[in-house]
Amino acid sequence: MSRLAHVREAAMDTARKTKGRIIPTVENAGESVTHYATEARDRVASGLQAAQEKIHDDILPKVGEAVHAARAVGEPIREEALARGSAALAALQGKLSRVDKHRGRRRKARKIAVLAGVLGGAAAAWAAWRRRCQPAWLNQLSDDDIEGTEASTSSPANKQPSADAAGAGPDEAVADAASSPKTRRSSAPRKPSSKQT
2 MSRLAHVREA AMDTARKTKG RIIPTVENAG ESVTHYATEA RDRVASGLQA AQEKIHDDIL
62 PKVGEAVHAA RAVGEPIREE ALARGSAALA ALQGKLSRVD KHRGRRRKAR KIAVLAGVLG
122 GAAAAWAAWR RRCQPAWLNQ LSDDDIEGTE ASTSSPANKQ PSADAAGAGP DEAVADAASS
182 PKTRRSSAPR KPSSKQT
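Residues 2 to 198, numbered by the working numbering, are exactly what the sequence shown covers, in order.
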């Protein structure tokens, strides 16, 4: 036998032995792969089934409720936007209805009423502040004192003719008006009260 035939024979013998060992291993590996693939498919299928049930039972209702709530909240806004858009288009085209014209008048009247209320409140607050900040001696003047002051400071056209036939000057006229019985006061000046706010 030649050397080549001998090598060939040895290679064939080794191949047969290897084939005898490899075939059962490959068959076992195929069965194992099939078993593991089936097991993995069952696990994944059960996991997918559980996930699908959770999505269907838990998540979808919550998402549906959220979408419904968002629609409910957005509906008035959408309607208002639609109404305003239509009104703006009608205004641009000059097609205002009577209701729209009266609505503007009502708004204006409401604004005027609110403004009058605010101004009235401000005037009342100012008057209260002014009364509080006024010195006490100003609050003690009587009506007679105020009338006497007005008579002495009024213009000459409003004065009654005095009994002074000599035609006294302005200083004497003021003195005469101050000494009249209606506005006569004591000669001592009033003292400011000890309480001052």
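Glycine included, every Cβ here is placed at the ideal spot set by N, Cα and C.
Query: Where the alpha helix (DSSP H) containing I78 begins and where it ends; Result: 61-94
Query: Buried or exposed (CB count within 10 angstroms, at least 16 for buried), G21; Result: exposed
Query: Coarse secondary structure for Q53, derived from DSSP in three states; Result: helix
Query: Rounded separation between A38 and N29 - CA only; Result: 14 Å
Query: C-alpha gap between K18 and A6, whole angstroms; Result: 18 Å
Query: Coil, strand or helix - S3 by DSSP; Result: coil
Query: V74 versus L90 - alpha carbon distance; Result: 25 Å
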